[in-house]
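Colleague: These protein sequences, in sequence, are chains Z and W. The numbering of the first sequence is our numbering, which starts it at 34 and goes up by one. The numbering of the second sequence is our numbering, which starts it at 34 and goes up by one.
There are 2 protein chains.
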Amino acid sequence: MLLNVSSTSLIFSSQQAHRDWLASQAKLPDGFRVGSVRFNFIPRETPKPAKMTLTLLTLDESTELFAAMFTRNAMPGAPVLIGRRRLQEKCWRAVVINNKISNVCAPDGEATAEKICAKVAELLDIQPGEVLPSSTGVIGWSLPVDEMLGALPNILPSLQGQSILPAAEGIVTTDLYPKIRRIDLGNGSIVGIAKGAGMIEPNLATMLVYILTDIAVSRDDLRAMLVRVVEPSFNSISIDSDTSTSDTVVVLSSGKITCSDMADFEAGLATVCRDLAEDVVRNGEGVRHVIKVKVHQAPDFDTARHLGKAIVNAPLFKCAVAGNDPNVGRLVQAIGKHVGAQAAGLDLARLRLRMGGIEIFADGVFKLDPHKENLLVAHLRDTELYQSVAPTDGVYSPAVNFPPHERCVEIEVDLGLGQASAVVIGGDLTHEYVSENADYRS
Amino acid sequence: MLLNVSSTSLIFSSQQAHRDWLASQAKLPDGFRVGSVRFNFIPRETPKPAKMTLTLLTLDESTELFAAMFTRNAMPGAPVLIGRRRLQEKCWRAVVINNKISNVCAPDGEATAEKICAKVAELLDIQPGEVLPSSTGVIGWSLPVDEMLGALPNILPSLQGQSILPAAEGIVTTDLYPKIRRIDLGNGSIVGIAKGAGMIEPNLATMLVYILTDIAVSRDDLRAMLVRVVEPSFNSISIDSDTSTSDTVVVLSSGKITCSDMADFEAGLATVCRDLAEDVVRNGEGVRHVIKVKVHQAPDFDTARHLGKAIVNAPLFKCAVAGNDPNVGRLVQAIGKHVGAQAAGLDLARLRLRMGGIEIFADGVFKLDPHKENLLVAHLRDTELYQSVAPTDGVYSPAVNFPPHERCVEIEVDLGLGQASAVVIGGDLTHEYVSENADYRS
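1) Would serine 29 of chain W be called buried (16 or more neighbouring beta carbons within 10 Å of its own) or exposed?
2) So, with DSSP's three-state summary, where would you put leucine 218 of chain W?
3) Who are the near neighbours of alanine 432 of chain Z in its chain, counting only those whose CB is closer than 7 angstroms to its CB and skipping five residues on each side?
4) Taking 7 angstroms as the CB-CB limit, is isoleucine 248 of chain Z close to chain W?
5) Determine, using beta carbons only, whether leucine 98 of chain Z and leucine 255 of chain Z come nearer to each other than 7 angstroms.
6) According to DSSP, what are the bridge partners of glycine 225 of chain Z?
7) Give the DSSP bridge partners of serine 69 of chain Z, in chain order.
8) Under 8 angstroms by Cβ, that's how I've got valine 410 of chain W and proline 359 of chain W pegged, so tell me the actual separation to the nearest angstrom.
9) If you check the beta carbons only, do arginine 338 of chain W and serine 269 of chain W fall under 7 angstroms apart?
10) Should cysteine 306 of chain W be flagged as near chain Z, meaning a C-beta pair shorter than 7 angstroms?
11) With a threshold of 16 other CB atoms inside 10 Å of the CB of isoleucine 75 of chain W, please say whether the residue is buried or exposed.
12) Work out the CA separation of valine 354 of chain Z and serine 196 of chain W for me, nearest whole Å.
13) Please confirm if threonine 145 of chain W has its CB atom under 7 angstroms from at least one CB of chain Z.
14) Taking the alpha carbon of leucine 224 of chain W as the reference point, which residue from W/Tyr210, W/Asp247, W/Leu241 has its own alpha carbon closest?
15) Using alpha carbons as the reference points, say which of Z/Ser222, Z/Val128, Z/Ser293, Z/Glu143 lies closest to leucine 185 of chain Z.
16) Which word fits glutamate 311 of chain Z, buried or exposed, when buried means at least 16 other C-beta atoms lie within 10 angstroms of its C-beta?
17) Whose CA, out of Z/Ala382, Z/Phe394, Z/Thr463, lies closest to the CA of glycine 449 of chain Z?
18) Which residues of chain W have a Cβ atom closer than 7 angstroms to the Cβ of leucine 401 of chain Z, listed in chain order?
19) Taking contact to mean at least 3 C-beta pairs separated by less than 8 angstroms, is the region 362-372 of chain Z in contact with the region 103-113 of chain W?
20) Under 6 angstroms Cβ to Cβ from glycine 229 of chain W, same chain only, skipping five residues before and after it: list those, please.
21) Cα separation between aspartate 63 of chain Z and glycine 221 of chain Z?
22) Which residues in the same chain as phenylalanine 350 of chain Z place their Cβ atom closer than 8 angstroms to its Cβ, once the five residues preceding and following it in sequence are excluded?
23) By alpha-carbon positions, which one of W/Leu114, W/His438, W/Leu92 ends up nearest to leucine 285 of chain W?
24) Taking 6 angstroms as the cut-off, is the C-beta of aspartate 447 of chain Z nearer than that to any heavy atom in the ligand HEM?
25) Would you list the residues sitting across from threonine 276 of chain Z in a DSSP beta bridge?
26) Quick one: is alanine 107 of chain W near chain Z, going by C-beta distance under 7 angstroms?
27) So, are the CB atoms of threonine 88 of chain Z and isoleucine 115 of chain Z less than 7 angstroms apart?
28) What did DSSP end up calling lysine 152 of chain W once you bin it into helix, strand or coil?
29) Can you say whether threonine 145 of chain Z is buried or exposed, counting buried as having 16 or more other CB atoms within 10 angstroms of its CB?
30) Report the neighbours of valine 372 of chain Z on chain W: residues whose CB is nearer than 7 angstroms to its CB, in chain order.
31) Can you give me the start and stop residues for the beta strand (DSSP E) that threonine 291 of chain W sits inside?
32) Please state if the CB of isoleucine 226 of chain W and the CB of alanine 201 of chain W are separated by a distance shorter than 7 angstroms.
33) Among the residues of its own chain, which have a CB less than 6 angstroms from the CB of cysteine 306 of chain Z, if the five just before and after it don't count?
34) Would you say aspartate 273 of chain W reaches chain Z, if we count a Cβ-Cβ gap shorter than 7 angstroms as a contact?
35) What's the C-alpha gap between alanine 100 of chain W and glycine 390 of chain W?
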């Protein structure tokens, strides 16, 4: 019994309207509290001052009902290495999350993360093994452990059980706004938060997603469901084809409410994951158009998804979309490049392409004329999140800090080869992306 | 006996110095003539006027000594489809090349290309099968066949046997300057030209490379050599990870001069290809830093090259380089992403990384401090081709139209796993790239 369906047609009239909507999503499930603290420090590797937010998610009682998945990047961060071990623990009670520095391949990175977990455990009077550490930010730098240990006690007064919003705000780095999605199921709920906004082509999970629920689902079921629902959600998006060293998705249940229908729960979990994944793209670094590629009539899901990824990761097509330029030749290039290099033997003879519902390719040739060109330009303009404005100093920044709508550039690919399909979501490649990433760290 | 070695340490004091150097490379091998013609037309798909250059490369006599390789993109252009068939012909005599429209998946694309070949054959009194068509430019549009047939006779008066420069200039699209490389071998020579400058991650060949020689090497030997030399040259570069639908590399010998040493010839061919490949990157769309990744101690060449490609194709690392920001965390991310997704099982325990000769990673952890940071910034500044200047209208364009030097951002990756190595060359990701590609066609 889903009380809430996917809300992928939201249109926001203002930043306040978006904030109001976020607040309406933010009520914590029963049995959880969140809090955060912010402080300044000097990184060891550079004399430039920096700010860090420490966020704490806690359960009122320790739970055996938890699941987590981590990045497949072969150079994972210390929190990922620890998190994998923590999957064997009997219970979890808290997640401690910092932004700014991701604690990846830093000297003594694991020992540092364990010190922070031990401090949290001391403060909450629990075991260190019940605390999951999580970090996001610059790769290569060391965590400011003394400052973090000093700041942790200051989180306790901020802990509250009403709203997940402080946590959604605390975990962001370059995100323009917090991301929250919820599903209400009977008397219970599933509430998830995510951060983006770059280095996003998750491979098994996306960077820092925390999903809380008060509905009791066994640990084994929760883990099996998570494996299934990440495939069409976090594993089907790409902002820039880069895969973070810290990708983490966690599901925690307080078990307060009996699950009346497992299928409904899984459908709800899938919806929260899919909506959060799209949120991550919509707030991707520099993203001005969300591109949704639907690949149909494929021989299997993996073939469909890989082809969709190849399209949303093709830089020239992404640039054309950024410029509201329906350069569909670059779309065909992306398909041909992928099939030629990665899917040799896939028959493209029955390939049909639509963009914004308009047929652009069939029978082996393009179907283009000046009228269609105008319609395609109109579709691209209609799906733009904001217009790029040339700055006087050359450093572009996004024109808005709320998503005005949930429209997408719609690409449909029919292969004519089978029954499988996949939806892949990505973004365009803009001056705002380059400005953000040529300057982000230094 | 190589009279000319790789000139990868050139420094140019001015645009004129670069032009003078190009002229010094441009002398045609014996037995060839080139010419071109430029005209205006209105494309069928848009009312906006466009310009096209038609270039003709001819031999004084038909030759059996030819080799060619074409793109592996699964949606190849009509000239590629025809070119593959032409490999079976007894002789070749001419190559006719147009820019602006690439003739890919256009209605009646092959018939149009054959009409143009037939007209060239009529003008030169040869067989149509001796003419190779080649096209580059917008994908999806149709060639303006009537205008092209009308323009072809006007090429004949321009044919001359002294300089390849008119052909090097005629084939460009978004290139900033023509690209020519030569090797003199005894009384003969190998001279190659190439165009870039976007959609460049060649898969078997790069977009439109023509190499002429007067040294007689059998067709079979020529083809076998070409397969070998493209691997460390054109197949080891990437500007933007996109693979053109029209990639073509052609070698034509007039056979005027006896080959005294096959190994010398192959070494010369390899040098011309490697230097042209680096030229293509150096003039890649928006490229402000050439990034040269040397992967050493790899178990095999393919592993080394794929890892190098993953680094030069990682958008976040490319942006950091553009900003002279030694964000080496993103370099490690790129390695980990590739190994996690594509090379599972590759042991990274002995990974060592240097940038600009400075050790940044060893023993599983970063080796960073503020002093090294300063040295890394200096290396990035030193290898910059030009500084980006913020324009008032937001449309970035390169600050120079000649390459001031041939320095590269030097990345060294030691895997500690074997004896194989590979060198991969790529570029950074800049505002100039986005400006060029968000606006190039419309």
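All residues carry an ideal CB built from backbone N, CA and C; glycine is no exception.
Modeller: On the basis of the data shown:
1) Any property of residue 29 of chain W remains undetermined from this structure, which presents chain W solely from 34 to 475.
2) strand
3) Tyr419, Gln420, Val422
4) At least 7 angstroms separates the CB of isoleucine 248 of chain Z from every CB of chain W.
5) For leucine 98 of chain Z and leucine 255 of chain Z, yes; Cβs fall inside 7 angstroms.
6) Z/Arg214, Z/Ile244
7) Z/Thr88
8) Indeed, because the Cβ distance is near 6 angstroms, the residues count as touching under 8 angstroms.
9) A contact, by the Cβ cut-off of 7 angstroms.
10) no
11) exposed
12) 41 angstroms
13) no
14) Residue identity check: residue 224 of chain W is valine in the sequence provided, not leucine. The shortest Cα separation from valine 224 of chain W among W/Tyr210, W/Asp247, W/Leu241 belongs to W/Asp247.
15) Z/Val128
16) So glutamate 311 of chain Z ends up on the buried side.
17) Z/Ala382
18) Glu78, Gly173
19) yes
20) Asp208, Val313, Asn316, Gly317
21) 8 angstroms
22) Ile344, Asn360, Arg363, Leu364, Gln366, Ala367
23) W/Leu92
24) Annotation note on the ligand HEM: not contained in the displayed structure, which lists no ligands.
25) For threonine 276 of chain Z, the beta-bridge partners assigned by DSSP are Z/Ile233.
26) Interface residue, yes.
27) no
28) helix
29) buried
30) Ala107
31) 281-291
32) Their beta carbons are under 7 angstroms apart, which means alanine 201 of chain W touches isoleucine 226 of chain W by this criterion.
33) Val262, Ser266
34) yes
35) 39 angstroms
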